[in-house]
Amino acid sequence: MKITSNILSIPPYISTTWNNISSLHVREERGSYTLIVLLQNGVQAEVPRLDKRTVTEIFEAHARSAEESVASKTSSPSEGPLNLSLLTNSDNPFTSLGASMEHNPEQAGLPPLPPAILKKITMVARAFGLDDTSQLAKAEPHCNCVYCQVIRSLQGLDPAEELIEEVSDEDLKFKNWEVAQTDKKLYIVTNLLDKNEQYNVFLGEPLGCTCGSKNCEHIRAVLDT
């Protein structure tokens, strides 16, 4: 068992850092306590048979973690999420930026940085002729960490643009018929909009369909599959 301002580890029930925990609850049962831990992802873990001293220690550690988190966020408000001096106080500002920042999957769900900050970054970079971002790793399409947001800003990308995927001609085709093989070379074709409309298609000799045509959409539907 390990309970600190950084970690809550009570094997085999739970072992994680406090920033992954949303809230704590306690349920008293027959002279002992069951700790109910709600994680940020919605999963709930229960730790049974704890004594009062351990429960108190856990809640105190949680409080210390929260206090330290608040203190770290307010310790240097003037810096913001990115120190702009990285772009100006180096012979190679991109190398400096890349050395101090990197893609962080844990920040993928961050809200967008204030537009004013991103605009300043872009203006400073362009003022120093730093439009070439080839020396830096590309921003991940679905990530909103600080690094990826900054790279998109430098490249003039809209995050929504990265999510646009090319649609092929095949994707634009609408499927009207459901095809099921019932025997060798024999298929049943069903209208998806009217299940009562069905046709039998034979792909042998002679080729045919119960609709009476040898060049019908039912035969084409079977051939397409």
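Sequential numbering of the sequence shown, starting at 455, is according to the numbering used here. Note that the Cβ used here is the ideal one computed from N, Cα and C, for glycine as well.
*Look up T510 in the DSSP assignment and say whether it is helix, strand or coil.*
In the sequence shown, the residue the question calls residue 510 occupies position 56. DSSP, reduced to helix, strand and coil, places T510 within a helical segment of the structure shown.
*What did DSSP end up calling L677 once you bin it into helix, strand or coil?*
Stepping through the sequence shown from its first residue, residue 677 is reached at position 223. Looking at L677 - three-state DSSP - the assignment turns out to be helix.
*From what residue to what residue does the alpha helix (DSSP H) around L504 run?*
As a position in the sequence shown, residue 504 is number 50, starting the count at 1. That residue, L504, is in no alpha helix (DSSP H); its beta strand (DSSP E) goes 498 to 504.
*Start-to-end residues for the alpha helix (DSSP H) that takes in L608*: What you label residue 608 is simply residue 154 of the sequence shown in a count that begins at 1. Its alpha helix (DSSP H) spans residues 600 to 609.
*E671: which of Q652, P465, L590 sits nearest, CA to CA?*
Position 217 of the sequence shown, counting from 1, holds the residue named residue 671. Per the Cα distances, Q652.
*Pick helix, strand or coil for V650, following the three-state DSSP scheme.*
Translated into positions along the sequence shown, residue 650 becomes position 196. The amino acid at residue 650 is misidentified as Val; the sequence shows Asn. Collapsing the DSSP output to three states places N650 in a strand.
*Name the one or two DSSP bridge partners that K668 has.*
The residue you call residue 668 lines up with position 214 of the sequence shown. Beta-bridge partners of K668 (DSSP): none assigned.
*asked:* On the CB-based measure, 16 or more other CB atoms within 10 Å of its CB, does A675 come out buried or exposed?
replied: As a working mapping, residue 675 is identified with position 221 in the sequence shown. That one is buried.
*Roughly how many angstroms lie between the CA atoms of S539 and V600, to the nearest whole one?*
Reading the sequence shown from its first residue, position 85 is the one you call residue 539. Reading the sequence shown from its first residue, position 146 is the one you call residue 600. Its pLDDT being 48, under 50, S539 is placed unreliably in this model, and the coordinates cannot settle the point.
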